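Below is one structure, written out as structure tokens; comments come after it.
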Amino acid sequence: MAEATLRRLMNELGVQPAMYNRRKNNHYSSYKGTVGKVADNLLNQTFDATSPFTVLHTDVSQVRLGDSTWAYMSVILDQATKEVLAASVSQNPNKLLIMDTLSQLEDNLPNNFNPIIHSDQGWHYQLEYYREKIDSLGFIQSMSRKGNCLDNAPMESFFHLFKVESQPEIKKCKSISQFTQFFNKYVNWYNNDRISNKTKNMSPVDYRTHVLAA
């Protein structure tokens, strides 16, 4: 992406680049040991999916808002197209947040797809309610190795990108409702306007349309 184009798109979104300090922003970890069932790692850091809706990644991350409270984001990402297929925000990283994200995915995913859905070993993804839900949808569960964030690199990359590009705007959010509005706007921009060389200089949505039409 040309620098001028990037600046224009970021200006339209009201985003300015900023230095992001991962330690300072307290990277969220949902790992609480083995509290349920740990699925096999089916991907083994193989991130070469080319067909949309076949391999998905999910994770939860957090940001500190301008009023010093935390906001938690649950996202499901398509590995092949980098498109965000579902995204939810909450003040608490709880069951409701995870199930809302899955509900969005169920609405957005076309019929007759049975993707792998890969996560870390966070407690949300080990418990019966999550496993039963994805099983009912025909999904195949996969999990990273314990403490290995590179096994879920596409999700790590998305959250890092969001925080780097959006830190000034995040600090302007004084409530969860303000942040939710901003995050939804960012996801819409990311899906429809943010081009990348990984998607042949197309946005994720345009790239998905291109691949499915080929």
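Here the sequence shown is numbered in the UniProt record's numbering, starting from 1 and rising by one per residue. By construction, the Cβ of each residue, glycine as well, lies at the ideal position given by its N, Cα and C atoms. Predicted model only: the values in this text are computed from it and were never measured.
By Cβ distance, which residues of its chain are closer than 7 Å to residue i, with the 5 residues on each side in sequence left out?
i	result
residue 182	169 and 173
residue 203	191, 192, 193, 194 and 195
Looking only at C-alpha atoms, which of the options sits nearest to residue i?
i	options	result
residue 137	143, 129 and 144	129
residue 34	126, 148 and 139	126
residue 61	94, 83 and 111	94
residue 110	38, 58 and 85	85
residue 150	57, 37, 52 and 39	57
residue 82	89, 53, 28 and 213	53
If you follow the alpha helix (DSSP H) that residue i is in, where does it begin and where does it stop?
i	result
residue 134	128-136
residue 99	95-108
residue 179	176-192
residue 206	204-213
In chain order, what residues of the same chain have a beta carbon less than 6 Å from the beta carbon of residue i, not counting five sequence neighbours either side?
i	result
residue 91	176
residue 158	77
residue 67	174
residue 146	121
residue 88	74, 97, 100 and 101
Return the bridge partner residues of residue i from the DSSP annotation.
i	result
residue 73	61 and 89
residue 118	57 and 142
residue 78	56
residue 35	Residue 35 is not bridged to any residue.
May I ask you to report which of helix, strand or coil DSSP gives residue i?
i	result
residue 151	helix
residue 67	coil
residue 157	helix
residue 22	With a pLDDT of 46 at residue 22, under the threshold of 50, the predicted position of this residue should be treated as unreliable, though the coordinate-derived value follows. Here residue 22 sits in coil by DSSP.
By Cβ distance below 8 Å, which residues in the same chain neighbour residue i in space, the five residues on each side in sequence not counted?
i	result
residue 106	137
residue 212	52
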